[in-house]
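These notes are about the structure you will find just below.
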Amino acid sequence: MTTPPAGLEGPERRDFIREIVAADVAAGRVDAPVTRFPPEPNGYLHIGHAKSICLNFGVAAEFGGRCHLRFDDTNPEKEEQEFLDAIEADVRWLGFDWGEHLYHASDYFEQLYGWAGHLIEAGLAYVDDQSADQIRETRGTLTGPGRDSPWRDRPAAESLDLFARMRAGEFPNGARVLRARIDMASPNLNLRDPILYRIVHASHPRTGDAWCVYPTYDFAHGQSDAIEGVTHSICTLEFENHRPLYDWLIEHLPVPHVPRQVEFARLNLTHTVLSKRVLLRLVQEGRVRGWDDPRMPTISGLRRRGFPAEGIRDFAAMIGVAKTDSVIEVGQLEFAVRAVLNRTAPRRFGVLDPLKVVITNWPGDRIEAMEVVNNPEDPAAGERPVAFGRELWIEREDFLEEPPPKFFRLAPGREVRLRNAYFITCDEVVKDESGTVVELRCTYDPATRGGDAPDGRRPKATLHWVSTAHAVPAEIRLYDHLFAQPFPGAGGTDLFGDLNHASETIVHGAMLEPALADAPVGATVQFERLGYFVKDPDSGPDAPVFNRTLTLRDTWARVRASG
Ligand code: ATP
Ligand code: MG
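Residue numbers for the sequence shown follow my numbering, beginning at 216 and rising by one.
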């Protein structure tokens with residue numbers, strides 16, 4: 216039995232899949248559900264897969280069953296060990312555990328080969344010598360029937376012999392295929408003598424060169440489900456019209472168990488793409504740094520971006536499971552992530568675009584340790600000391616020499632609060648020859664330590680700051696949506712024409728409070744007033760790199776409030 220991860224406990228919304236499982240359990244058709252998550256190891260997992268993972272592992276956990284991780288590794292030309300490893304790591308990181316139930320379709324190659332022979336002997340499959348083009352041409356259309364292959368009625372003994380020789384490596388790729396013998400006039404194209412085996416001379420990541428015939432998805436999937444005792448084979452809607460074939464194969468084979476296929480709507484998300492083929496292209500064409508680029512919708516990209524697993528699971532629970540395709544606003548994912556980070560991310564001071572402040576009435580080189588709250592949402596997170604002295608960095612955009620009416624931050628002659636420190640007033644603006652402001656000379660009010668004035672006066676703005684003597688310089692990578700358009704490619708244009716050219720902005724020379732230099736890679740923090748950030752693996756010992764996970768602003772909440 217799988218333990219539900221935090222965030223999935225408690226009464227789960229009953230979607231139609233959970234209704235089906237509950238009914239099967241209530242009627243005694245199954246004791247406890249057995250589900251599986253069946254990735255093909257031909258790329259990295261993305262947020263759409265996360266929906267399927269949360270559903271399969273979630274249903275199993277809620278009904279006291281189990282969920283398998285099964286690699287659908289039937290296509291050696293596209294599969295790699297790197298993908299197998301990354302998929303396992305990603306499912307685990309999302310918070311799910313398959314226990315001892317790690318399987319591969321390739322574990323069943325011998326059994327599947329035997330069952331193919333069984334179909335041939337029963338007159339339900341035949342070796343077809345036609346080329347791929349001929350098979351396509353004779354398949355018929357949605358409105359017209361297909362035509363029988365000239366090899367459809369060849370004797371079973373001949374097919375058996377040829378199938379064995381296919382396996383033995385006697386024929387080149389594409390020379391022959393094994394097809395089920397069902398009905399070339401079926402209104403369902405999937406039943407028009409579908410291909411069960413192809414000749415593929417390619418090394419497989421797990422079985423090496425042991426095989427040169429490989430089962431198709433349709434032949435491998437249901438039979439693997441049957442071998443593993445899967446009760447509910449949950450897949451996405453595009454497999455709905457494969458279900459008659461799934462059931463036909465199960466019915467005509469001596470399988471140990473009868474699984475049931477149930478389809479749900481795949482996740483689509485705005486401003487990104489959830490297709491492994493396109494994601495692979497982005498990586499291969501160097502449009503992103505790799506599969507784990509923080510702009511990618513991959514699990515590894517979201518992790519590097521700083522999205523917590525809990526936020527992704529909450530998102531999956533929030534969108535639920537339905538039977539009609541739809542596109543989810545990416546703001547919903549960001550909403551779920553912000554909710555978790557707001558609770559958990561410690562607050563820190565970081566200045567992205569530093570402007571120097573000199574406090575002219577500060578007593579010499581004195582350094583004071585200011586007590587700063589780590590997380591106002593979490594009293595248990597406590598406080599930390601942050602060094603404050605004569606020279607500070609503030610955010611350049613927090614000062615304007617000629618402030619417009621609604622600008623309440625620092626300006627000549629104006630007083631503001633430095634968060635958890637003192638009130639300061641700007642007395643003098645220092646510029647270089649080009650007229651750029653390079654320094655502000657200010658005075659502080661010693662009576663306002665901690666950020667409150669005894670006379671009750673309240674500046675309209677509170678700024679974040681970092682002591683120049685203690686600051687650690689850092690590289691900051693700011694991220695935005697990978698695609699500028701909500702529905703990339705929808706205008707009939709090339710998909711990559713819709714890439715957002717401002718999806719990554721690199722900032723050098725940001726100044727951070729010193730504790731951030733020692734933060735471990737993957738640590739998430741909130742830079743006060745700026746957003747949520749995560750330490751990137753590109754960080755060096757004294758050269759931290761932080762990625763902006765999200766800004767603080769919650770556009771989804773506004774959309775919801777107005778809609
Ligand atoms: P392809 O088959 O084109 O390589 P795929 O996205 O279907 O891509 P799989 O590895 O076969 O990749 O998917 C594994 C499981 O994840 C399948 O059960 C599939 O239905 C499910 N899945 C894939 N994409 C989504 C999505 N966008 N939303 C929900 N589930 C998905
Ligand atoms: Mg697939």
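For glycine and all other residues, C-beta sits at the position ideal for the given N, C-alpha and C.
Problem - Residues of its chain near ASN405, where Cβ-Cβ distance is below 8 Å and the 5 sequence neighbours each way are ignored - result: Stepping through the sequence shown from its first residue, residue 405 is reached at position 190. Cβ neighbours of ASN405 beyond the five flanking positions: ASP433, ASN456, HIS457, PRO459 and LEU460.
Practice task
Quick one: measure Cβ to Cβ for LEU468 and HIS283, integer angstroms, because I've assumed they're closer than 8 Å.
Solution key: One-based indexing of the sequence shown puts residue 468 at position 253. One-based indexing of the sequence shown puts residue 283 at position 68. 20 Å between Cβ atoms; not a contact.
Exercise for the section: Kindly indicate which three-state DSSP category ARG458 falls into: helix, strand or coil? Expected result: Here residue 458 is taken as the residue at index 243 of the sequence shown, counted from 1. Helix, per DSSP.
Problem - Distance between PRO253 and PRO220 (C-alpha atoms, nearest Å) - result: Residue mapping note: residue 220 aligns to position 5 of the sequence shown, counting from 1. Residue mapping note: residue 253 aligns to position 38 of the sequence shown, counting from 1. Per-residue confidence for PRO220 stands at a pLDDT of 44, beneath the threshold of 50, marking its modelled position as unreliable; the derived number appears in the next sentence. Roughly 20 Å separates the two Cα atoms.
Practice task
Given a cut-off of 8 Å, decide if ILE534 and HIS261 are closer than it, judged by their beta-carbon atoms.
Solution key: One-based indexing of the sequence shown puts residue 261 at position 46. One-based indexing of the sequence shown puts residue 534 at position 319. Going by C-beta atoms, HIS261 is not nearer than 8 Å to ILE534.
Practice task
Give the secondary structure of LYS266 by DSSP, where H, G and I count as helix, E and B as strand, and everything else as coil.
Solution key: Taking the sequence shown and counting its residues from 1, the one referred to as residue 266 is at position 51. LYS266 falls in the helix class under three-state DSSP.
Problem - Those residues which DSSP pairs with ASP660 across a bridge - result: As a first step, residue 660 must be located in the sequence shown, where it is residue number 445. Bridge partners of ASP660: PHE638.
Problem - Any non-hydrogen atom of the ligand ATP within 7 Å of HIS457 CB - result: As a first step, residue 457 is located in the sequence shown; it is residue number 242 there, counting from the start. No, the ligand ATP has no heavy atom inside 7 Å of this Cβ.
Exercise for the section: Closer than 5 Å is what we want: which residues have a beta carbon that near any heavy atom of the ligand ATP? List them in chain order. Expected result: PRO254, GLU255, GLY263, HIS264, LYS266, SER267, CYS450, THR451, ARG481, LEU482, LEU489 and LYS491
Exercise for the section: With distances taken Cα to Cα, identify the nearest neighbour of GLY310 among PRO402, HIS416 and GLU525. Expected result: Here the question's residue 310 lines up with position 95 in the sequence shown. Per the Cα distances, GLU525.
Problem - Cβ shell of HIS679 (< 6 Å), same chain only, five flanking positions each side left out - result: Here residue 679 is taken as the residue at index 464 of the sequence shown, counted from 1. For HIS679, where only same-chain residues beyond five positions count, the Cβ hits under 6 Å are PHE564, ARG634, GLU743 and ARG744.
Practice task
Run through the segment 411 to 460 for me and flag every whole beta strand (DSSP E) of 3 or more residues, listed as ranges in chain order.
Solution key: 428 to 430 and 447 to 451
Practice task
Give the straight-line distance between the Cα atoms of LEU339 and ILE397, rounded to the nearest whole angstrom.
Solution key: Locating residue 339 in the sequence shown gives position 124, counting from the first residue. Locating residue 397 in the sequence shown gives position 182, counting from the first residue. Answer to the nearest angstrom: the Cα atoms are 7 Å apart.
Handout entry: Whole beta strand (DSSP E) elements within the segment 538 to 571, 3-residue minimum
Key = 541 to 543
Practice task
Put ASN405 into one of helix, strand or coil per three-state DSSP.
Solution key: Taking the first residue of the sequence shown as 1, we reach residue 405 at position 190. ASN405 falls in the helix class under three-state DSSP.
Handout entry: Three-way DSSP call (helix, strand, coil) for ILE527 in this model
Key = Here residue 527 refers to the residue found at position 312 of the sequence shown. Three-state DSSP puts ILE527 in a helix.
Practice task
Please classify GLY258: does DSSP put it in a helix, a strand, or coil?
Solution key: For the purposes of this step, residue 258 is taken as the residue at position 43 of the sequence shown. Three-state result, GLY258: coil.
Exercise for the section: Within its chain, find whatever has a CB closer than 6 Å to the CB of ASP230; leave out the 5 residues flanking it on each side and keep chain order. Expected result: The residue labelled residue 230 in the question sits at position 15 within the sequence shown. Within the same chain, ASP230 has close Cβ partners GLY535 and VAL536.
Problem - beta strand (DSSP E) runs contained entirely in the segment 591 to 615, provided each spans 3 or more residues - result: 598 to 603 and 606 to 610
Exercise for the section: Compute the beta-carbon to beta-carbon distance between ARG510 and ASP751, rounded to the nearest angstrom, for a pair I have assumed lies under 8 Å. Expected result: As a first step, residue 510 is located in the sequence shown; it is residue number 295 there, counting from the start. As a first step, residue 751 is located in the sequence shown; it is residue number 536 there, counting from the start. Not a contact, Cβ separation roughly 13 Å.
Exercise for the section: Give the range of the alpha helix (DSSP H) segment to which MET381 is assigned. Expected result: For this step, residue 381 is matched to residue 166 along the sequence shown. First-last of the alpha helix (DSSP H) with MET381: 371 to 382.
Handout entry: Cutoff 8 Å; reference ALA784; Cβ partners in own chain excluding five residues on either side
Key = Outside the modelled stretch of the chain, which goes from 216 to 778, sits residue 784, for which no answer is possible.
Exercise for the section: In angstroms with no decimal places, state the Cα-to-Cα distance between THR217 and SER267. Expected result: As a position in the sequence shown, residue 217 is number 2, starting the count at 1. As a position in the sequence shown, residue 267 is number 52, starting the count at 1. Because the pLDDT at THR217 is just 42, under 50, the model does not fix this residue reliably, and the value given afterwards should be weighed accordingly. Distance between the alpha carbons of THR217 and SER267 is about 16 Å.
Handout entry: For ASP733, three-class secondary structure by DSSP
Key = Within the sequence shown, the letter at position 518 stands for residue 733. In the structure shown, ASP733 sits in coil (DSSP, three-state: anything other than H, G, I, E or B).
Practice task
Report the rounded CA-to-CA distance for ALA684 versus PRO729, giving the unit in angstroms.
Solution key: Against the sequence shown, residue 684 aligns to sequence position 469. Against the sequence shown, residue 729 aligns to sequence position 514. Computed Cα separation, rounded: 10 Å.
Handout entry: Rounded separation between ASN589 and ASP462 - CA only
Key = Working through the sequence shown from its first residue, we reach residue 589 at position 374. Working through the sequence shown from its first residue, we reach residue 462 at position 247. The straight-line gap from Cα to Cα measures roughly 57 Å.
Problem - Cut-off 6 Å between Cβ atoms - residues of its own chain near LEU452, not counting five sequence neighbours on either side - result: For the purposes of this step, residue 452 is taken as residue 237 along the sequence shown, with counting starting at 1. Same-chain partners within the cutoff: GLU478 and ALA480.
Problem - Alpha-carbon to alpha-carbon, VAL573 and ASP580 - result: Within the sequence shown, numbered from 1, the residue matching residue 580 stands at position 365. Within the sequence shown, numbered from 1, the residue matching residue 573 stands at position 358. Their Cα atoms are separated by approximately 12 Å.
Problem - ASN576 versus THR658: straight-line alpha-carbon distance, rounded - result: Position 361 of the sequence shown, counted from the start, is the residue given in the question as residue 576. Position 443 of the sequence shown, counted from the start, is the residue given in the question as residue 658. Roughly 6 Å between the two C-alpha positions.
Exercise for the section: Identify whether ASP300 lies in helix, strand or coil by the three-state DSSP scheme. Expected result: Counting from one through the sequence shown, the residue named residue 300 turns up at place 85. Three-state DSSP puts ASP300 in a helix.
Handout entry: Of the listed residues ASP288, GLU294 and ARG407, nearest to TYR341 (C-alpha basis)
Key = Here the question's residue 341 lines up with position 126 in the sequence shown. Checking every option, the nearest Cα to that of TYR341 belongs to ARG407.
Handout entry: Residues near GLY778 by beta carbon distance below 6 Å, same chain, minus five either side
Key = In the sequence shown, counting from the first residue as 1, residue 778 sits at position 563. Confidence is the limiting factor: at GLY778 the pLDDT is only 40, short of 50, which leaves the residue's position unreliable and the question unanswerable from this model.
Exercise for the section: Return helix, strand or coil for ILE534, following the three-state DSSP convention. Expected result: One-based indexing of the sequence shown puts residue 534 at position 319. It is helical.
Practice task
For VAL628, count neighbouring Cβ atoms within 10 angstroms of its own Cβ and tell me buried if that reaches 16, exposed if not.
Solution key: Within the sequence shown, numbered from 1, the residue matching residue 628 stands at position 413. First, the residue type needs correcting, since residue 628 is Gly and not Val in the sequence shown. Classification of GLY628: exposed, given that the 10 Å Cβ count is below 16.
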